[in-house]
Amino acid sequence: MEDGLAPAALSGTGEGPWRCPGRSFFAAGAPELARSLLGCLLEVEGDPRRSGVIVETEAYTEEDPASHSARGMTARNRSMFDAGGSAYVYFVYGMHCCFNVTAGPAGSGEAVLIRALEPGEGIGPPGQETGGGLSLAASGPGKLCRAMGIGLEQNGADLLAGPVRILLPRKSPRRPVGISSRIGISRGGERMWRFFFEDSPCVSDGRGGAVSRARRRS
DNA sequence: ATTACGATTGCCT
DNA sequence: GGCAATCGTAATC
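Under the working numbering, think of the first position of the first sequence as 482, with each following residue one higher.
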């Protein structure tokens with residue numbers, strides 16, 4: 482029990498602590514949606530079923546020099562222009578996938594990058610060599626996709642239809658929210674569009690984040 | 001046709 | 001803190 486994480490979420494759509502959002506939830510602009518997604522459950526149906534609580538997000542918009550959509554629609558970023566509530570998954574650095582939730586109306590080219598989860602069901606050992614234990618299994622956009630089994634085949638998928646879903650907490654988690662500039666970008670650094678739960682051990686950030694904390698402990 | 005470069009990660013010093 | 005890995009995409013020639 483070294484990780485000390487909150488208990489895994491129960492499945493589901495009907496009763497229980499989670500509920501399905503409507504389309505309108507995703508109609509907000511990316512920065513607002515990024516904040517709203519903190520505390521929500523990301524779930525992938527299957528065997529095993531996997532889930533985790535979203536604890537770190539970043540917003541990207543069409544007027545944003547850091548965004549893939551900044552220079553118009555291409556074959557690669559096409560699904561980023563889908564109406565809010567679908568998946569935009571892309572491949573980077575020749576080895577990693579990153580998962581985004583589209584925001585706003587169709588054609589608006591905005592999305593929220595999901596950067597870290599607190600592992601729920603089906604995440605982590607065995608078979609996952611993350612080097613930092615369970616709490617780091619989904620701390621970072623690339624690691625999150627690997628841990629959840631999300632790949633390019635999910636690009637453009639409707640998040641209200643599944644198998645990849647977003648579920649909202651019935652009770653607001655009310656945890657401290659940190660705001661910062663985004664990670665790994667070369668332009669647009671002045672925008673404070675990264676949102677995270679300050680009390681989470683699973684946030685990907687270097688300083689004060691899960692990685693440096695784990696390193697300090699050892 | 002060629003090339004430069006990532007919305008990253010993990011291993012090295 | 002630095003840097004290699006690894007390859008699809010998009011800008012450039």
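Idealized CB from N, CA, C, for every residue including glycine.
A direct Cα-Cα distance of roughly 20 Å separates residue 618 from residue 571. Rounded to whole angstroms, residue 640 and residue 604 show a C-alpha spacing of 20 Å. Taking a C-beta distance under 9 Å as the contact criterion, residue 511 and residue 674 qualify as a contact pair.
The way I'd put it, the region 510–525 does touch the region 587–596; three or more beta-carbon pairs between them come closer than 8 Å. In the same chain as residue 578, and ignoring 5 residues on each side of it, the C-beta atoms closer than 6 Å to its own belong to 570, 572, 626 and 632, in chain order. Counting along the chain, the unbroken alpha helix (DSSP H) around residue 628 starts and ends at 622–629. In the displayed model, residue 682 falls within coil according to three-state DSSP, outside both helix and strand.
Among the bridge pairs identified by DSSP, residue 512 is matched with none.
Residue 532 sits in a strand when the DSSP states are folded into three classes. Between residue 582 and residue 601, the C-beta gap is not smaller than 9 Å, which leaves the two residues out of contact. Across the structure, residue 555 and residue 562 are spaced so that their CA atoms are roughly 10 Å apart. Within the DSSP secondary-structure output, residue 659 pairs in a beta bridge with 677.
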